[in-house]
Structures are given as structure tokens and as C-alpha cells.
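Going from the sequence shown to this note's numbering is simple: count from 1 and add 37.
Just so it is clear, CB atoms sit at the ideal spot from N, CA and C, and this is done for glycine as well.
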Amino acid sequence: MGRTLRQIAGVVFVLVITFSLISICQKLGKGIKADITQQKLYTLSPGTKAIIGKLNQPIKMKLYYAKTAAMQAPDNIKYFDNYYEFVKSLLEEYVAQSKGLVQLEVIDPRPYSDDEVDASRYGIKRFAITQEEGFFFGLVAQTQFGVEKTIPFFSPDRQNFIEYDISSLIDTAITRQKKRIGVLSALELVGDDLSPYMAKMMQMQGQQPKQPWAFIQQLKEQYEIISVPKDTDKIEGVDVLLVVHPKEFSEKTLFAIDQFVVRGGRAIVCVDPYCISDLPKQAMQMQMQQEHNPSSEMNKLLVNWGLEMPKDTFAGDRTLATEAVLREGQRPQKIIGFLDFTPECFNRDTVITSQLNQVRFLFGGILREMLIDANEAKIRNIQRTPLIHTTARGNKWTIESQFELMTPNPEGLWKKFTEGTEPVKTAYLVTGRFKSAFPNGIDIDVDAEPDANDPNAPKTVKKHIDALPEAKDQCAVIVFADVDFISDPIAYTRTFFGGMTVIGDNSALMTNAIDDMGGSSELISIRSRGNFKRPFKVVDEIEAQADAQTAEKEAKINAEISGFETELQTILSSAKQGEDEVIGSEILQKKNEVELKILEAKKQLQEIKKTRLQRKEALGNSLRNFNMLTAPAVSLFVAIVLGIYRSVRKRKYVSHASDA
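What follows is the structure, encoded as C-alpha cells:
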């Protein structure tokens, strides 16, 4: 009996020691972490640490998560348990970094409780699970001065951007005054700025208020957006001016932009040789209207900044061209004007683009540096820094008419492109003391005072506006040769929960530019770090090799097809009226022969494309088989080694036993 008790006590002591060691290791090792991801996604970025370092007041973070309700919910809600643990762990990092200034409270709002009422009051979204149970997953930041900022819902689509969302929430909560962003555009970016009551009244009358672009809606969370009228002659009261698609701007408006910049204002300009966002919604509208020009330019001002965007000229790059479906039912095709810029295309020496991974331009233009006198450039400290460029194989290509892009023919556009030897620039940062494009000012028409004695007196009179001929301090502008990269279809996608989430780094690029121009650089280091796209290098290499091997064959076959089609048209046009109906005639025989040649050439082209597809599929099968067989093979190898080892040990034991 005593021996049994000792054994039981020994087991109990072992269990106590084991659990004690586990608890001690958890306590001691809680602060020991290793982040082995390439972009350190699980480590607070320097920008977040800088924002936390600026805290001079306590800030309370209330994390609302309906954990109890999630246990009773369908699988698509239970999935959030892991996401919740990730968000909570990240918030705990904020608490640890803040030295007590950030306080975290985790709340599970139950039905009919005060917590549920508070969650709804803060604007946390509620998703009904049952008639009583509701699902909440959001965050509230509160300061001691009564400021409350909310993330209504942690959408899984924004998991890569969760640190940016939380840091931005803290930054806006502790910032007393929002910076003002002026938006001047020929497009309806800002939408109708209506109160909820007026918006509801319009909907009751069958009218839909014009919605702002998703990018503008995103900016409103951090900045105050001011819509600048197109006919303005003076721009003031804004910290950063955003000029988008300056199409057919009057001299008065260009003068206002010029003077804003010369007087020290910061500006971001998006021009476009072919703005898809400016195209009519329906093709029928195009036929009913006069020729529509979707291009914009501002070369009168760009020249004074040392840049120029040539008309009807676009950036192209065979290695950056991406696939798109132009017509319903067709396969995706690579379009020379649709470029996905990769990390090698971004300037890594400037904070605006240093951490970007992927930005897409649609029919973006090119920017050329204008010749500036060396002495003048030195005196004025003019610096033109490229931000985005193609690879060395990129080049420009041109069109003769805008109608060539209305219904683009990918093969026809590729014929306009030839590979270059130097990168083509599509975005610039320009700094220095600029000269004005209107050194003598301008004359504008203003309403004349009515004259009761002269009914025929002119209604308007000329008024002269003086200009500042040259800047006294440093100026700064950023110029992009594309507008569509911040449009909704390119920069965002609609989520399952009805919101909008970003695609690639398009919105991050523009927001970085605004933050840098506005002097807020902390968030830039956070915004793009989670949006990392790891390329399939082996697949890309195979595709590049296949393209290189088949490009010459494809070009030859396409040339043969074009020649055969031309020959066919010549045969048909030379036939006399009714002659093509004669069975067995020479013309009909030639026609059939040429059609067979065209069919055979197209068949050869399909075989080339089929071979290329088979190479990629073979690689995929090899990788899948390798992944599936590696683990069992390793397990089998270990089992064989252990079996041999045990067999040898057993033989030695039997041998020693027999000797004894």
C-alpha cells in the first residue's frame, strides 16, 4: 500500500511540476517572439511605434467581439475566432509598446445588455445570427477629451491592412485638427455632399445621390475634403491640392493652380492621355454625341515644372503587360496598355514608393523631362525625381486617333510597340523654386455694375489679377500620367459584406503621396507592408521563355494570316457580279484554297498556345506531386531508419543474451 501511495504521489508531483513549468515558460516566453516573414508582418512597424511615441494622453481601446454568439453561429462566422485572436494579439502589442498609455478592454456584447447598446451607439456593425443573437466585431478608440473613433467591422479582406487601420484610428483620435485636401477635377470624384435627410428625400423622389469615389471616401476618414470649383481663380484654405483629370481647364483655373503652387502650396496632379473613367457609360451615347475626347493634359504648367506629357503617347512594357477580358465570352488577353508595375519599377529612395509592391495603370501616359538651363536649375534647386518607371525593356507607343482605344484590338496595339533599352517614366516628384506660367498675371471677365442710365452697357468688364512671377520658397508637386489607377474598378473591389477593399497598392500610392505632401509620414511605412504579393518566379520564367520561343512563330503566322486575308479580299473584290456563284470557277477555287490556308495557320497558332499552356500545367502537376509526396516520403524514411536501428539493437541484445 505504501508503495502504491508513493507511486500516486510521484505521478501527482510530476504533473504539478509539468504544469508549473508550462505556466512559467508561458510567462517568461510571452515576450519572446520571432517574426520570420519577409516583410515582418507580425512586428509593429516604425510608423506605428512613432505614432504610439507621440501619445501624451491615455487612449482606451474597446474591442467588441461576440464570442458567445459566434459559438452558436454557422461556420462562416466561427471562422472569425482565429481572426479575433490575431487582432487581440496585435492590440496587446500596442499596449506593450505604449508603456501604459494604451489600455485594452475586450467586450463580449450579450443580447439586451448595456454592452450591446454601447456597441450600437459607437457604430459597431451588427449582423443578425438569430432573432436575439447578433454578431459584433469592431473597435472603438476613446481619448480623455471625449474623442471617439471607430472601426465598425474587421473585414477579413483587410487582414493585411489591419495594422494600418488601427494605427490610423489612433492617429486621427489624437490629432486635434484634420488637414484639408482640395479636390479639383473634371470628373465627379466627390459626389453629392448631402445630409442624410436630403439624401433620403432624393431617394424618395426616385433620384440617386452621386456617390464619391471609394478613394475619396477613404480620405474622408482622415482628412477634410474640400471640393474646389472648376471655374475658380484663386485656391486657398487647403493644405494639399489634388488635381485629377484637368480636362479643358480654363486659363483662369490654370492660373489659380499655378499661383497656389508658386506661393508654396503642395499639389498632386493626375493627367491622362486616355482616361477610361471619362468614357460614356453606354456605347449608344457615344454615337449620339459629338466626338468625345477622354484625354487631359496640363502642359502649360508642367513645362514650368520641367516636365511634359506627349499627346496620344502611352507607356508599354512586354514584361509588365497584364491580361484582361475586353469582350464577353473571350479569353483574357495581354494588353500592352494595361501595366502591372512591380517592385523593381518603384523608386526605393523615396518614402512615397519605397514599400509598394504592385500598382496597375490603364493606358497610362509617359512623362519627359524638359531641358532646363543648368545654371537656372542650380539656382532654383530644381530636382525631378522619377517615382514609377517601366523596366529597361519598356518603351512608348502612340496612336493616330482616340477611336483606336474605344474598342481596342490587342493584336493591333501590340504591333505599335517595339521593345526599348531604357525605362519609361510615368510619375515624378518635382521640387524647387518654380517660375510662374503667368508672370504678368491674367485678365478675367467679372460682372459689371448695372448702369440705370445706359441699358446697353456691357454686362462684364475685364479685371486684371496680378501674379507672383516666381516662388520665394521651395515648391513641390507630384505628377502621375494616369487617372484610372485610383478609380473604383481598378483600386477597389466590393466585399462580401458590402464594403470596399483595396486591390494592390493603387490607393496606397496616392495616399502616400498625400501624406508626404501634407507632412504626415508615419502611416506611409505601415500602409503597404501587408500588401505583399509573392510572385511565382518559376512560373513567370517559364511563361517568359515560352513567350520568347513562340513570339517569332506567332508573329510569322499572324503575318501569314494577314497576307492570306488580304489575298482573299483581293480575290473577292476582283470577282464580277454573280461570278462567285459559279461552282468550280477559278475564283471560287482560289477562295477555298486561301480559306484553308488561313484555317491551317490559325490551327498552328492554337497549337503554339496549347504547348505553352501544357508546360505550365506540367509544372503545376510536378509541384503538386512534390508537395503531396514529400511528407509521406520523409515519414517513411524515418520509419525505415528506426526499423533498421531497432532490428540491429534487437540482434545485439539476443546475441549478448545467448552468450551469457
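- Under the three-state reduction of DSSP output, Cys-312 falls in the coil class, being neither helix nor strand.
- DSSP places Pro-423 in the uninterrupted beta strand (DSSP E) bounded by 420 to 426.
- If the five residues before and after Ile-515 are omitted, its C-beta is found closer than 6 Å to the C-beta atoms of Ile-305, Leu-466 and Ala-550, all from its own chain and listed in chain order.
- Shown here, Asn-629 sits in a helix according to DSSP, grouped into three states.
- Under the DSSP assignment, Ile-96 falls outside any alpha helix (DSSP H), being part of the beta strand (DSSP E) whose first and last residues are 96 to 102.
- Excluding the 5 residues flanking it on each side, Ile-373 has same chain C-beta neighbours closer than 6 Å at Gly-353, Ala-358, Leu-450, Trp-451 and Phe-454, in chain order.
- Unbroken alpha helix (DSSP H) stretches of 4 residues or longer found wholly inside the segment 156 to 213: 199 to 211, given in chain order.
- Relative to Ile-207, the option among Thr-350, Glu-654, Gly-84 and Gly-555 whose CA is nearest is Gly-84.
- By the C-beta criterion, the segment 167 to 180 is judged to be in contact with the segment 99 to 114, since at least 3 inter-stretch pairs fall below 8 Å.
- Of Phe-191, Glu-285, Ala-110 and Gln-254, the smallest CA-CA separation from Ile-523 is found for Gln-254.
- Less than 9 Å separates the beta-carbon of Asp-309 from that of Ser-333.
- Closest in C-alpha terms to Phe-400, from the list Ile-436, Thr-458 and Ile-389, comes Ile-436.
- For Val-671 and Val-678, the gap between their C-alpha atoms comes out near 11 Å.
- When Ala-429, Lys-462 and Val-143 are compared, the shortest CA-CA separation from Arg-405 is found for Lys-462.
- Boundaries of the beta strand (DSSP E) around Lys-499: 497 to 502.
- Here DSSP, grouped into helix, strand and coil, assigns Ile-389 to coil.
- Linking Thr-356 to Arg-430 through their CA atoms gives a straight-line distance of about 8 Å.
- Distance from Gly-301 to Ala-508 at the Cβ level is roughly 7 Å; contact confirmed, criterion being Cβ atoms closer than 8 Å.
- Boundaries of the alpha helix (DSSP H) harbouring Phe-252: 251 to 257, taken from the DSSP string.
- In the three-state scheme derived from DSSP, where H, G and I count as helix and E and B as strand, Arg-355 is classed as coil.
- Distance from the Cα of Met-537 is smallest, within the candidate group Asp-268, Ser-222 and Ser-192, for Ser-192.
- Judged by their CB atoms, His-282 and Val-124 are not nearer to each other than the 9 Å cut-off.
- Taking each of Tyr-529, Val-539, Leu-344 and Arg-470 in turn and checking the Cα distance to Cys-512, the smallest one comes out for Arg-470.
- If you draw a straight line from the Cα of Asn-394 to the Cα of Gly-274, it is about 34 Å long.
- Within the segment 254 to 288, complete beta strand (DSSP E) segments of at least 3 residues are found at 261 to 264 and 277 to 281, given in chain order.
- Its Cα nearest to that of Ala-223, the residue Thr-269 stands out among Lys-91, Ala-251, Arg-217 and Thr-269.
- Looking from the CA of Leu-505, the closest CA among Gln-641, Ile-263 and Ala-293 belongs to Ala-293.
- Closest option to Glu-142, judged by alpha-carbon separation, among Lys-115, Ala-110, Gln-179 and Thr-167: Gln-179.
- By the criterion of a C-beta distance shorter than 6 Å, Tyr-121 is surrounded in its chain by Tyr-102, once the five residues flanking it on both sides are discounted.
- The alpha carbon of Pro-189 has as its nearest neighbour, out of Met-346, Glu-200, Gln-196 and Gly-160, the alpha carbon of Gly-160.
- Per the coordinates, the alpha-carbon of Asn-119 lies some 13 Å from the alpha-carbon of Leu-127.
- When Thr-427, Thr-428 and Ile-409 are compared, the shortest CA-CA separation from Ile-419 is found for Ile-409.
- Within the model, the alpha-carbon separation for Lys-289 versus Glu-459 is close to 38 Å.
- In the structure shown, Lys-371 falls within a strand segment according to DSSP collapsed to helix, strand and coil.
- Burial of Met-335 is indicated by the presence of at least 16 other C-beta atoms within 10 angstroms of its C-beta.
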